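Taken in order, these protein sequences are the chains called A and B.
Our numbering puts the first sequence at residues 659 to 774.
Our numbering puts the second sequence at residues 3 to 112.
One structure is given below, encoded as structure tokens.
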Amino acid sequence: DAGVTQSPTHLIKTRGQHVTLRCSPISGHKSVSWYQQVLGQGPQFIFQYYEKEERGRGNFPDRFSARQFPNYSSELNVNALLLGDSALYLCASSLVVGLGSADTQYFGPGTRLTVL
Amino acid sequence: GEDVEQSLFLSVREGDSSVINCTYTDSSSTYLYWYKQEPGAGLQLLTYIFSNMDMKQDQRLTVLLNKKDKHLSLRIADTQTGDSAIYFCAAQDSNYQLIWGAGTKLIIKP
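In structure tokens:
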């Protein structure tokens with residue numbers, strides 16, 4: 659079975675531009691979470707979606723938005739890019755939310771975003 | 003809110019055991035996780051433990067949980083060069099979200 663997939667793998671943008679990152683969860687998983695990982699740090703939670711509804715939002719500005727589609731894939735959008743948005747963006751999927759071990763999150767390889 | 007802390011580096015000799023430590027602050031955390039990240043790669047789930055357990059063993063990996071002290075450790079037996087990576091501890095908070103440590107870089111000496 660395919661794991662979590664993300665596209666693109668690498669992206670270079672300039673300040674002020676907009677970016678869309680995509681994620682496909684493991685087949686059968688209904689929850690997708692997005693994380694930002696800056697070099698040398700642990701991941702920071704951005705959003706969690708379950709059954710197409712937002713279940714959680716981290717401490718990120720409104721320039722960050724996301725959605726989940728009927729097939730459970732997800733997009734993360736970032737507007738008005740800043741240099742500080744340069745990071746590895748990770749997507750994770752889990753079977754459900756709030757049911758113990760079934761919450762276990764499996765990660766994709768990430769999208770490396772560089773903002774110049 | 004939850005805070006998770008780890009030491010930044012651990013250096014061990016090949017063949018020895020590695021012990022990576024983690025502390026967390028939220029006693030209501032139900033699940034605690036260990037993930038491994040190799041250079042340029044995503045996060046690989048290694049193991050997890052439920053908060054009502056003291057220990058979990060999975061092949062070369064042993065997880066110990068001291069809930070009273072809010073201390074979690076990951077022991078890797080017979081450490082090999084392929085174990086070189088950054089190891090992250092993560093705690094699930096009351097909103098089912100993961101709070102992460104900064105990661106421990108495991109360095110293997112020949």
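Glycine residues also receive a C-beta, built at the ideal position from the N, C-alpha and C atoms.
This structure is a prediction, so every number in the text was calculated from the model and none was measured.
Counting along the chain, I670/A sits inside the beta strand (DSSP E) bounded by residues H668 to K671.
In the pairwise beta carbon analysis, the segment 92 to 106 of chain B is classified as touching the segment 22 to 34 of chain B: at least three pairs are separated by under 8 Å. The segment 74 to 84 of chain B makes no contact with the segment 758 to 773 of chain A, as fewer than three CB pairs between them are under 8 Å. The segment 674 to 682 of chain A makes contact with the segment 766 to 773 of chain A, as at least three CB pairs between them are under 8 Å. Look at D761/A: its C-beta is under 9 Å from a C-beta on chain B.
At a cut-off of 9 Å between beta-carbon atoms, A87/B makes no contact with chain A.
When DSSP assignments are scanned along the segment 698 to 732 of chain A, the uninterrupted stretches of beta strand (DSSP E) that are 3 or more residues long and fall wholly within it turn out to be 702 to 708, 711 to 715 and 722 to 726.
A straight-line Cα-Cα distance of about 15 Å links Y693/A and D720/A. Under DSSP, T678/A takes part in a beta bridge, and its partners are N735/A. Taking the beta carbon of F765/A as reference, the chain B residues within 8 Å of it are Y37, G44, L45, Q46 and L47, listed in sequence order. Taking the C-beta atoms as reference points, C24/B is found no nearer than 9 Å to Q39/B. Looking only at S53/B, L48/B, N68/B and R15/B, the smallest Cα-Cα distance to D60/B is reached by L48/B. DSSP lists A93/B as the bridge partner or partners of I101/B.
Note on geometry: alpha-carbon atoms of P701/A and G17/B lie some 30 Å from one another. The beta-carbon of T64/B is placed no less than 9 Å from the nearest beta-carbon of chain A. Judged by their CB atoms, S685/A and S752/A are not nearer to each other than the 9 Å cut-off. Taking C-beta separations shorter than 7 Å and ignoring five residues to either side along the sequence, the partners of P666/A in its chain run T769, following chain order.
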